[in-house]
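Visitor: My structure is below; once you've seen it, I'll send some questions.
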Amino acid sequence: MTHSNNLIPTLKKHFGFDSFRNQQEEIINAVLDQKDCLVIMPTGGGKSICFQLPALMFKGITLVISPLIALMKDQVDGLRANGIEADYFNSSQTADEQQHILEKVATAKLKLLYVAPESLGALENILNEKYISCVAIDEAHCISSWGHDFRPSYQQLSFLKKALTNTPIIALTATADKATRQDIMEQLQIPNAKQFITSFDRKNIRLEVRPANDRVNQIIDFIAQRPNQSGIIYCLSRKSTEQLKERLQSKGIDAQAYHAGLNFQERTKVQEDFIFDKTQVVCATVAFGMGIDKSNVRWVIHYNMPKNLEGYYQEIGRAGRDGTKAKALLFHSYADVLQLRRFIDGASNEQLQIAKLERMKQFSEATSCRRKILLSYFGELLATNCGNCDVCKNPPQFFNGTVIAQKALSVITRLRQGESMGVIIDVLRGAKNATTLEKQYYQLPSYGIGNDISWKDWQHYIIQLIDQGYCEIAFHKHNALQLTHFSKEVLFNGQEVQMTKPVDRSEKLEEKQEK
Ligand code: ADP
Ligand code: ZN
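Convert by adding 1 to the 1-based position in the sequence shown; the result is the number in the numbering used here.
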């Protein structure tokens, strides 16, 4: 059965849109046909309408499970402004308020009810098919420990299908790789859900990765070239959001910090000032952005590398929602990788997290189209290179780096595989500092054999050696660089090593190329 005929007038009347986007219409039809659905659509793609519009056509209410109490009110206010009867139920309300809502449900006065997963228990009396026609689960990836934002409270949702056997469940998320998708369906007990996977390609976002050297000044320049453009800078820690904010403010940049350490009022203020263009830049932890509907964010910077590509994708997706040109700039730092690796150490799903970090690293160090790599992670194949990433714009040049590799590997050997990258580079460059003096490394025959190459470039080359398997990092031995069985081939058997030259990815160069 198709409901298409009467959908557009409803869309127009209640939401003010003339046509559907992406797969909204197919999804809505499937929901109206009471099929379980799994909707994977990028942030800003228009997921809400997929359950809000059917909610208007069902007899009973649509229960919307949403993880963030802070956002429920906004969403409900938005619906009410469109003349839709909606409310929310969560632990921030008094018993009287909650009772009042339950009465509204019993007397069929509502079309949509937003609920936090931990409050579902309190809804026991209305959790039956007499009242409920549909269940929507927003941010459904939160149910899976495979995802990047696991929330234990979401695991209670597996009982919904038992309580409401014939009620369609629509699970929605912006981020889910295949394993997470499978996990969502299993846990919600909707094994036969119809899957709708909208393209993840956000063509208007220029992707760029730069080495993290002197990143604060790079950021200051970046912002200086974009007066009045709104942007978000993601940092790994609360402390670094505050520090960066101060550095930027000291340069006269209109920046604020946002993280979970601020109280509710402070957070709300930063959010609102940003949404209403009263603050240009927000330095934030990943706590910032979920559900923020601001279409003119022109750029997103990752001050630190995210721990996986799902997080990266979701965060850059906050730029350019209006479809016009936007930019995502990621700073790639070797130290960040090591730190992220330490966070993972001993985690219950350590292997999985390491694999995800590895993919993130591959993306950052890519020598081929980054968008291809990113989309392939989400199971999408791009037929041609995108032409809108730094690698496409400025392809790396390969050269025979065998001698460079031999120099680095022989220093690693001389240092008995016991020193980290920094010391290796210092010895290569013949640096005179505390370590090289105290440990008398200046007496080694290979001391200074690489003094014709800058520190930064050595780092670039050694990272490539690690990536190509010619040496490795011993995480449990103070990150010492060690040889692998391939090292021997390079040192003694003339194995050739291909490397890329360091690229100057400064903005000026890029602009010159665009002209
Ligand atoms: P998501 O939840 O996928 O991030 P939303 O449902 O919040 O996305 O929608 C993103 C934006 O797109 C909102 O501003 C919404 O009003 C708008 N939108 C959704 N569907 C349509 C449509 N069919 N036509 C025009 N705008 C739409
Ligand atoms: Zn590309």
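Note that the Cβ used here is the ideal one computed from N, Cα and C, for glycine as well.
#1: Which one of E98, G449, A109 and L339 has the shortest CA to CA distance from A123?
#2: From I185 to A194, what distance separates their C-alpha atoms?
#3: Can you tell me whether L477 is helix, strand or coil according to DSSP?
#4: Under DSSP, the beta strand (DSSP E) around C284 begins and ends at which residues?
#5: So is the beta-carbon of D294 under 7 Å away from any non-hydrogen atom of ligand 1?
#6: Is it buried or exposed for K91, if we count other Cβ within 10 angstroms and need 16 for buried?
#7: Under a three-way DSSP split, which group does S159 fall into?
#8: Helix or strand or just coil, what does DSSP make of D453?
#9: Where does the unbroken alpha helix (DSSP H) through V392 begin, and where does it stop?
#10: The alpha helix (DSSP H) that contains H486, what's its start and end?
#11: Once DSSP output is grouped into helix, strand and coil, what is the label at D88?
#12: Classify R360 as helix, strand or coil using the three-state DSSP reduction.
#13: Does the beta-carbon of H260 have 16 or more other beta-carbons within 10 angstroms, so that it is buried, or is it exposed?
#14: Where in the stretch 274-328 do unbroken runs of the beta strand (DSSP E), each at least 3 residues long, occur, reported from the N-terminal end onward?
#15: Skipping 5 residues on each side, what residues in its chain have a beta carbon closer than 6 Å to that of L263?
#16: Pick helix, strand or coil for S238, following the three-state DSSP scheme.
#17: Looking only at C-alpha atoms, which of G46, S20 and L54 sits nearest to I29?
#18: Would L189 and K163 qualify as a contact pair, given that the criterion is a beta-carbon distance under 8 Å?
#19: How is the beta strand (DSSP E) around R203 delimited, first residue to last?
#20: Below 7 Å, is the gap between the Cβ of F379 and the nearest heavy atom of ligand 1?
#21: Ends of the beta strand (DSSP E) at L39?
Guide: In terms of the structure at hand:
#1: E98
#2: 10 Å
#3: The identity of residue 477 in the sequence shown is His, whereas the question assumes Leu. It is coil, neither helix nor strand.
#4: V282 to A285
#5: yes
#6: Correcting the residue identity first, residue 91 is Asn in this sequence and not Lys. So N91 ends up on the buried side.
#7: helix
#8: coil
#9: D391 to K394
#10: H486 to F493
#11: strand
#12: helix
#13: buried
#14: 282-285 and 298-303
#15: none
#16: coil
#17: L54
#18: no
#19: Segment: none, R203 is in no beta strand (DSSP E) and carries neither H nor E.
#20: no
#21: C38 to I41
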